[in-house]
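Protein chains in written order, with our numbering: chain A, 1 to 139; chain B, 1 to 139. In this text, a Cβ means the ideal position worked out from N, Cα and C, and glycines have one as well. Quick notes on the structure that follows.
2 protein chains.
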Amino acid sequence: MTIPQQSSLLRMSTFRLARRLRAQKSDDSVSDAQFAVLATLSIHGEHTLSALAERERVSAPSMNRTVNCLEEAGYLARAEDAIDRRKTNISLTASGIELVEATVSKRDAWLTERMRALTADERDLLARAAELMGRLATQ
Amino acid sequence: MTIPQQSSLLRMSTFRLARRLRAQKSDDSVSDAQFAVLATLSIHGEHTLSALAERERVSAPSMNRTVNCLEEAGYLARAEDAIDRRKTNISLTASGIELVEATVSKRDAWLTERMRALTADERDLLARAAELMGRLATQ
DNA sequence: TATTGTTATACTCTATAACTATA
DNA sequence: TATAGTTATAGAGTATAACAATA
Numbered sequence: 001m002t003i004p005q006q007s008s009l010l011r012m013s014t015f016r017l018a019r020r021l022r023a024q025k026s027d028d029s030v031s032d033a034q035f036a037v038l039a040t041l042s043i044h045g046e047h048t049l050s051a052l053a054e055r056e057r058v059s060a061p062s063m064n065r066t067v068n069c070l071e072e073a074g075y076l077a078r079a080e081d082a083i084d085r086r087k088t089n090i091s092l093t094a095s096g097i098e099l100v101e102a103t104v105s106k107r108d109a110w111l112t113e114r115m116r117a118l119t120a121d122e123r124d125l126l127a128r129a130a131e132l133m134g135r136l137a138t139q
Numbered sequence: 001m002t003i004p005q006q007s008s009l010l011r012m013s014t015f016r017l018a019r020r021l022r023a024q025k026s027d028d029s030v031s032d033a034q035f036a037v038l039a040t041l042s043i044h045g046e047h048t049l050s051a052l053a054e055r056e057r058v059s060a061p062s063m064n065r066t067v068n069c070l071e072e073a074g075y076l077a078r079a080e081d082a083i084d085r086r087k088t089n090i091s092l093t094a095s096g097i098e099l100v101e102a103t104v105s106k107r108d109a110w111l112t113e114r115m116r117a118l119t120a121d122e123r124d125l126l127a128r129a130a131e132l133m134g135r136l137a138t139q
């Protein structure tokens, strides 16, 4: 198999699996865009609005709106920066942490159940592949 | 490593790689939702509106709107069904086929370039993993 | 009566341009 | 003057409810 053929296979399988995983949510009231923000705050901690916009590759006004919705729903909180008063520091509330954990658990449970149907060798192969995929994505 | 740990690794890497791949487009004027429709028509051929809505898991009015945009942009065409005149058959135009091929090429080129940095054994491992991921997604 | 597609309406996500407050 | 955040406005994607045409 040529390298382009291998790439094409990996691209298709990655999209299909990501799509199935994304469908596993713990709460339908939060959109994909909103959940991505909560997940980013969960993994990388407190962000200013513009840092969050840059990381999610959307405009600041767009992120501002999404943050407004999430703040209103009680999943995150804004706090004025003590030093630079133009900035607002955005972080998860207890309720936001809970929602991220519940969704991550649901997705992992869905995948774990399907991985039990594989052999130990196949699971090991997938774990090693995951490490390589991470490297490809950050390259 | 436990099965849940393997699952969690695979989930994170899949999302990261899918995100990077999705960012590789050949034309910024077509949204993700619109491109997904074009890709579905490219892979699975002609669809009625409701078949398309069901496959993309959105409502019929939502799909109708997306199809309107794509029709106006000239990427797909509606045709009346000869037998059942309630139905409209939706298929890609030459321009639509071209756009799908250009985007797929760009994504594959991006991934192929990064896979060249791996060893032959690592690429082979990823190709076998892709097959397993496809199986997990359809299970 | 049921199905297919569409229109009406409303809310979220997206963007650019313009504004406010602070540095 | 520059930067961080926000508001104004407009276009696209999502949904449910209601409608027209056809089976």
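| Check | Outcome |
| --- | --- |
| Any C-beta of chain A under 8 Å from that of residue 61/B | no |
| First and last residue of the uninterrupted beta strand (DSSP E) at residue 73/B | First-last for residue 73/B: undefined, no H or E at that position. |
| Outcome for residue 6/A when other beta-carbon atoms lying within 10 angstroms are tallied against a minimum of 16 | buried |
| Neighbour flag for residue 129/A against chain B, beta carbons, 8 Å | yes |
| Residue 79/B, DSSP secondary structure in three states | strand |
| Three-way DSSP call (helix, strand, coil) for residue 119/A in this model | coil |
| CB-CB length for residue 63/B against residue 79/B, believed under 8 Å | Not a contact, Cβ separation roughly 16 Å. |
| Residues that residue 108/B contacts on chain A, provided the C-beta gap is smaller than 7 Å | 4, 7, 8 and 11 |
| Residue burial classification, residue 59/A (beta-carbon count within 10 angstroms, cutoff 16) | exposed |
| Residue(s) in a DSSP beta bridge with residue 89/A | 48/A and 79/A |
| CA-to-CA distance, residue 20/B to residue 92/B, given in whole angstroms | 26 Å |
| Start and end residues, alpha helix (DSSP H) containing residue 18/A | 3-22 |
| Beta carbon proximity, residue 119/A to chain B, threshold 8 Å | no |
| Among 107/A, 124/A, 34/A and 129/A, nearest to residue 194/A - alpha-carbon criterion | What the structure shows of chain A is the stretch from 1 to 139, and residue 194/A is not part of that stretch, so it cannot be assessed. |
| Segment contact, 8 Å Cβ cut-off, at least three pairs: the stretch 108-126 of chain A with the stretch 42-50 of chain A | no |
| Validate contact between the stretch 94-102 of chain A and the stretch 128-136 of chain A using beta carbons, cut 8 Å, 3 pairs | no |
| Anticipated Cβ contact below 8 Å, residue 112/A with residue 3/B, distance rounded | 5 Å |
| Backbone secondary structure at residue 57/B - three-state DSSP | coil |
| Distance, residue 86/A Cα to residue 139/B Cα | 50 Å |
| Pair within 8 Å by beta-carbon distance, residue 99/A and residue 31/A | no |
| Per-residue burial, residue 29/A [other beta carbons within 10 Å of its own, 16 or more giving buried] | exposed |
| Cβ separation of residue 16/B and residue 125/A, assumed to be a contact under 8 Å, to the nearest whole Å | The Cβ separation is near 19 Å, so there is no contact. |
| Within-8 Å CB hit, residue 34/B to chain A | no |
| Per-residue contacts from residue 112/B into chain A (C-beta, under 7 Å) | 3, 4 and 7 |
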